[in-house]
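Visitor: Here's a structure for you.
Protein chains: 2
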Amino acid sequence: MSVSTVSRALASPDQVARATRERVQAAAAELGYSPNPVARSLRIGRTSTIGLVVPDLENPFFTAIVKAVEARARAAGYSVIVTDSEEEPENEPGLVAVLRRRTDGLVLASSRSDDDTVRAMVGDTPTVLANRYVPGLPAVTADDADGAAQVVAHLRALGHRRIAVAAGPVASRSGRQRVLGLRAAAERLGDVELVELGSFPPYYSGGAAAADLAVACGASAVVAHNDVMAAGILGRARDRGVHVPRDLSVVGFDDSTVATLLSPALTTVRVSNTRLGRRAVDILTGAIEGRPHTAGPGAPPHILAVELVIRASTAEPRS
Amino acid sequence: MSVSTVSRALASPDQVARATRERVQAAAAELGYSPNPVARSLRIGRTSTIGLVVPDLENPFFTAIVKAVEARARAAGYSVIVTDSEEEPENEPGLVAVLRRRTDGLVLASSRSDDDTVRAMVGDTPTVLANRYVPGLPAVTADDADGAAQVVAHLRALGHRRIAVAAGPVASRSGRQRVLGLRAAAERLGDVELVELGSFPPYYSGGAAAADLAVACGASAVVAHNDVMAAGILGRARDRGVHVPRDLSVVGFDDSTVATLLSPALTTVRVSNTRLGRRAVDILTGAIEGRPHTAGPGAPPHILAVELVIRASTAEPRS
DNA sequence: GCACATCCTGCAATCGTTCGCAGGATTGTG
DNA sequence: CACAATCCTGCGAACGATTGCAGGATGTGC
Numbered sequence: 001m002s003v004s005t006v007s008r009a010l011a012s013p014d015q016v017a018r019a020t021r022e023r024v025q026a027a028a029a030e031l032g033y034s035p036n037p038v039a040r041s042l043r044i045g046r047t048s049t050i051g052l053v054v055p056d057l058e059n060p061f062f063t064a065i066v067k068a069v070e071a072r073a074r075a076a077g078y079s080v081i082v083t084d085s086e087e088e089p090e091n092e093p094g095l096v097a098v099l100r101r102r103t104d105g106l107v108l109a110s111s112r113s114d115d116d117t118v119r120a121m122v123g124d125t126p127t128v129l130a131n132r133y134v135p136g137l138p139a140v141t142a143d144d145a146d147g148a149a150q151v152v153a154h155l156r157a158l159g160h161r162r163i164a165v166a167a168g169p170v171a172s173r174s175g176r177q178r179v180l181g182l183r184a185a186a187e188r189l190g191d192v193e194l195v196e197l198g199s200f201p202p203y204y205s206g207g208a209a210a211a212d213l214a215v216a217c218g219a220s221a222v223v224a225h226n227d228v229m230a231a232g233i234l235g236r237a238r239d240r241g242v243h244v245p246r247d248l249s250v251v252g253f254d255d256s257t258v259a260t261l262l263s264p265a266l267t268t269v270r271v272s273n274t275r276l277g278r279r280a281v282d283i284l285t286g287a288i289e290g291r292p293h294t295a296g297p298g299a300p301p302h303i304l305a306v307e308l309v310i311r312a313s314t315a316e317p318r319s
Numbered sequence: 001m002s003v004s005t006v007s008r009a010l011a012s013p014d015q016v017a018r019a020t021r022e023r024v025q026a027a028a029a030e031l032g033y034s035p036n037p038v039a040r041s042l043r044i045g046r047t048s049t050i051g052l053v054v055p056d057l058e059n060p061f062f063t064a065i066v067k068a069v070e071a072r073a074r075a076a077g078y079s080v081i082v083t084d085s086e087e088e089p090e091n092e093p094g095l096v097a098v099l100r101r102r103t104d105g106l107v108l109a110s111s112r113s114d115d116d117t118v119r120a121m122v123g124d125t126p127t128v129l130a131n132r133y134v135p136g137l138p139a140v141t142a143d144d145a146d147g148a149a150q151v152v153a154h155l156r157a158l159g160h161r162r163i164a165v166a167a168g169p170v171a172s173r174s175g176r177q178r179v180l181g182l183r184a185a186a187e188r189l190g191d192v193e194l195v196e197l198g199s200f201p202p203y204y205s206g207g208a209a210a211a212d213l214a215v216a217c218g219a220s221a222v223v224a225h226n227d228v229m230a231a232g233i234l235g236r237a238r239d240r241g242v243h244v245p246r247d248l249s250v251v252g253f254d255d256s257t258v259a260t261l262l263s264p265a266l267t268t269v270r271v272s273n274t275r276l277g278r279r280a281v282d283i284l285t286g287a288i289e290g291r292p293h294t295a296g297p298g299a300p301p302h303i304l305a306v307e308l309v310i311r312a313s314t315a316e317p318r319s
């Protein structure tokens, strides 16, 4: 029996006679044989592997993406090579360059590089952007602006009229969208005043710093760029004897795992990175396998709905 | 010029004349050529890729390992394929089977499978266990027992004499080691009494459940299996009006990112999964590249020292 | 019994490298 | 100038699969 027959028996069973096929399969099972994926990749030109680049593998915001991407890719028969750009834009091209050679396509999460650099480094490799938009490339993002609008509506309904914003890094797409969304919503409503603070580093320390400014400016509520900063606000407020939510309402973004761990549990905008990651993989595998593009070039980004999760850190203002 | 010359010019520059070498390198730079890693892997029989299996890619305990493994592997010229076993032991053999074919070696973090299954599924693939020990396989673990001893010493020094333990899953190696270590330390000291509660699921909810039992049993301090459970204890204590640390001291394990986010900030045993992941990769790449084994078969596991980080959740007991 | 269609199977090329081997070019030495 | 030693370079065979193509075996109909 020749290797070609074996190959066919395993890969396209209907092309070989039943007797032969069964003989092959029995032998394969007995010997524990399975085709060498490296050789297979070389011949067919596909590796069944995708690459994922994130700025920080330990940041809960990204770990949710990693988990979702890995799960979805595995379900679709792909392995995932992950890399950490360590928040440095200049690391990205190098990482992408090695990934392009070993994978069939890429998911770039929150790329910190500018539009042209992104386009140049991915070249013609099938690529999907997550939480980032570059004209000409498929992308999936959360509807941060809408989340911001929901936050403003929620706080206003509770009676807040003066709301502080603890902004995150300006380089972050979602950071900008969130501030823009809050600003737009406040203007639309007319009777709520927005006090923009920052920007702050998106860590606990940044939140702590913002807390003092928020209290000082007389706001009855503060919206943080993300949950971790909200944690910093909570911690600093407690240290200063400012009671949350009685004296100050606090809202986060992301609904990361810490949101429920804090006390009071955090009111936050849930951006489902699980869905985001899944969707990115679906689009990517579609492009790789040549299925009709859900996202042609020039298509708008897929925007996922977000959801305001109300917990214990927001309440009516005191007076 | 033949392909072999090009190959040599790029891979082993000293084997080709300087003039040719420079000509090749110039051309390669101009055309943006680099050898196809897939073909290379096929020929030399190595993929420069390692596989990493973790029970949950989103659990902060493991994300620290993922981050460290990826960083160290990248520095050593390897890519990392990650997979999530979803806390199901029965998923592991399948994942390992596909990884073995595509990678040069594996890191198995906190494998949930029993010893024989672990040995069988990895076969002769170079493998390093992280936070798990199976006789005959290289392993690196944290010194949980010592961490437990440090906790007991700390609490006893503060004046605690009745300490509750909120145990985690019995299937977890570190879970067992921690309880065993606490028990041994208490017995050694003689004058502190250990009240063992649980086991509980290692989540916020498990901690909350443990909190009530701890308060009821009259302990002045409680040691949780990990930081997330400690967060649950903190949250439940606040809801019930039990003040931490005045009425109850709380200690966690892991020093994960949440430890500092909580308030009061958590006293916890820092097990450096960064060092753990790094060390695992060092041993693995050593084995792959045939360097003198730091860990021969039958060698004891590498045990990393841990460190008690004292923050605000422990204090002298009230009376 | 023959022509023809159908179905399988094997041959051989191919994917893009690496590397042992041999031979040509170059250099050095007497 | 002859000869040996040294140094490069190219040839061609792997690595382990997939797949177009051709031909042998088998089956069908008349």
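In the order they appear, the protein sequences are chains Y and W.
For the first sequence, position 149 matches number 149 in our numbering, and the numbering has no gaps at all.
For the second sequence, position 252 matches number 252 in our numbering, and the numbering has no gaps at all.
For each residue, glycine too, the CB sits at the ideal point set by N, CA and C.
These numbers come from a predicted model, not from an experiment.
Alpha carbon to alpha carbon, how far is R43(Y) from A287(W)?
Guide: 30 angstroms
Visitor: Helix, strand or coil for F253(Y) per DSSP?
Guide: strand
Visitor: Could you tell me which chain Y residues have their CB closer than 9 angstroms to the CB of I81(W), listed as they occur along the chain?
Guide: Per Cβ cutoff of 9 angstroms: T49, S79, V80, I81, V82.
Visitor: DSSP state of H340(W), grouped into three classes?
Guide: Here chain W covers residues 1 to 319 and nothing more, so residue 340(W) does not appear.
Visitor: What number of angstroms, rounded off, separates the C-alpha of A155(W) from the C-alpha of S272(W)?
Guide: Per the sequence shown, the amino acid found at residue 155(W) is Leu instead of Ala. One C-alpha to the other measures close to 22 angstroms.
Visitor: Enumerate in chain order the residues of its own chain whose CB-to-CB distance from V151(Y) is below 6 angstroms, with the five nearest sequence positions on each side excluded.
Guide: V223, V251
Visitor: Do you know offhand how far A145(Y)'s Cα is from I310(Y)'s?
Guide: Looking at the two C-alpha atoms, the distance is approximately 18 angstroms.
Visitor: Excluding five sequence neighbours on each side, which residues of the same chain lie with their C-beta closer than 6 angstroms to the C-beta of S79(Y)?
Guide: T49
Visitor: Tell me which residue opens and which closes the alpha helix (DSSP H) that E90(Y) is part of.
Guide: From DSSP, E90(Y) is part of no alpha helix (DSSP H); its letter is neither H nor E.
Visitor: Which whole-angstrom value is the C-beta distance of L261(Y) and Y204(W), which I expect to be below 8 angstroms?
Guide: 6 angstroms
Visitor: Can you tell me which of V96(Y), G105(Y), A153(Y) puts its alpha carbon nearest to the alpha carbon of A186(Y)?
Guide: A153(Y)
Visitor: Have a look at F253(Y), S263(Y), A216(Y) and flag the residue whose alpha-carbon is nearest the alpha-carbon of L234(Y).
Guide: S263(Y)
Visitor: If we call anything under 8 angstroms between Cβ atoms a contact, is L137(W) one with E316(W)?
Guide: In this structure, E316(W) does not lie closer than 8 angstroms to L137(W) by Cβ.
Visitor: In terms of DSSP beta bridges, what is R270(W) paired with?
Guide: D254(W), E307(W)
Visitor: Would you say T314(W) reaches chain Y, if we count a Cβ-Cβ gap shorter than 8 angstroms as a contact?
Guide: Residue-level contact check: T314(W) does not touch chain Y, since none of the beta carbons of chain Y fall below 8 angstroms from its beta carbon.
Visitor: Going by DSSP, what residue range makes up the beta strand (DSSP E) through A219(Y)?
Guide: Unbroken run through A219(Y): none, as it is neither H nor E.
Visitor: Using a beta-carbon distance cut-off of less than 8 angstroms, what residues from the segment 58 to 79 of chain W approach chain Y?
Guide: E58, P60, T63, A64, V66, K67, E70, A71, R74, S79
Visitor: Which of helix, strand or coil does DSSP assign to T83(W)?
Guide: strand
Visitor: Look up V195(W) in the DSSP assignment and give the residues it is bridged to.
Guide: Partner(s): A164(W).
Visitor: Taking CB distances under 8 angstroms as the criterion, tell me whether S199(W) reaches chain Y.
Guide: no
Visitor: List the whole-angstrom C-beta distance separating T285(Y) from A76(Y), where the pair is believed to meet the contact cut-off of C-beta under 8 angstroms.
Guide: 5 angstroms
Visitor: Could you name the residues of the segment 245 to 261 of chain Y whose beta carbon sits closer than 9 angstroms to any beta carbon of chain W, in the order they occur along the chain?
Guide: T257, V258, T260, L261
Visitor: Is S2(Y) buried or exposed, if buried means 16 or more other CB atoms sit within 10 Å of its CB?
Guide: exposed
Visitor: Could you pull out every residue in the same chain whose Cβ sits closer than 7 angstroms to the Cβ of D84(W), ignoring the five residues on either side in sequence?
Guide: V54, D56, L57
Visitor: Am I right that V165(Y) and L194(Y) are in contact with their C-beta atoms under 8 angstroms? What's the rounded C-beta distance?
Guide: 6 angstroms between Cβ atoms; contact.
Visitor: Does DSSP put A76(Y) in a helix, in a strand, or in coil?
Guide: coil
Visitor: Please say whether R318(W) and D239(W) have beta carbons closer to each other than 8 angstroms?
Guide: no
Visitor: Return the chain-ordered list of same chain residues with a C-beta closer than 7 angstroms to the C-beta of G218(W), the five sequence neighbours on each side being excluded.
Guide: R162
Visitor: At a Cβ threshold of 8 angstroms, is Y204(W) touching chain Y?
Guide: Yes, because at least one Cβ of chain Y sits closer than 8 angstroms to the Cβ of Y204(W).
Visitor: Tell me the DSSP bridge mates of I50(Y)?
Guide: V80(Y), G105(Y)
Visitor: So V215(W) contacts chain Y; which residues on that side make the cut at Cβ distance below 8 angstroms?
Guide: Residues of chain Y whose Cβ lies closer than 8 angstroms to the Cβ of V215(W) do not exist, since the nearest Cβ in that chain is about 16 angstroms away.
Visitor: Report, in whole angstroms, the separation of the C-beta atoms of S220(Y) and H160(Y), which I expect to be a contact under 8 angstroms.
Guide: 5 angstroms
Visitor: What are the boundary residues of the alpha helix (DSSP H) that A9(Y) is part of?
Guide: For A9(Y), the uninterrupted alpha helix (DSSP H) segment begins and ends at 3 to 11.
Visitor: Please decide whether E4(Y) counts as near chain W, where near means a Cβ-Cβ distance under 8 angstroms.
Guide: With the sequence shown as reference, residue 4(Y) is identified as Ser, and Glu is not the correct amino acid for it. No, its Cβ sits nowhere closer than 8 angstroms to a Cβ of chain W.
Visitor: What runs of the alpha helix (DSSP H), each 4 residues or longer, lie entirely inside the segment 105 to 160 of chain W?
Guide: 115 to 122, 144 to 158
Visitor: At least one CB of chain Y closer than 8 angstroms to the CB of P37(W): is that the case?
Guide: yes
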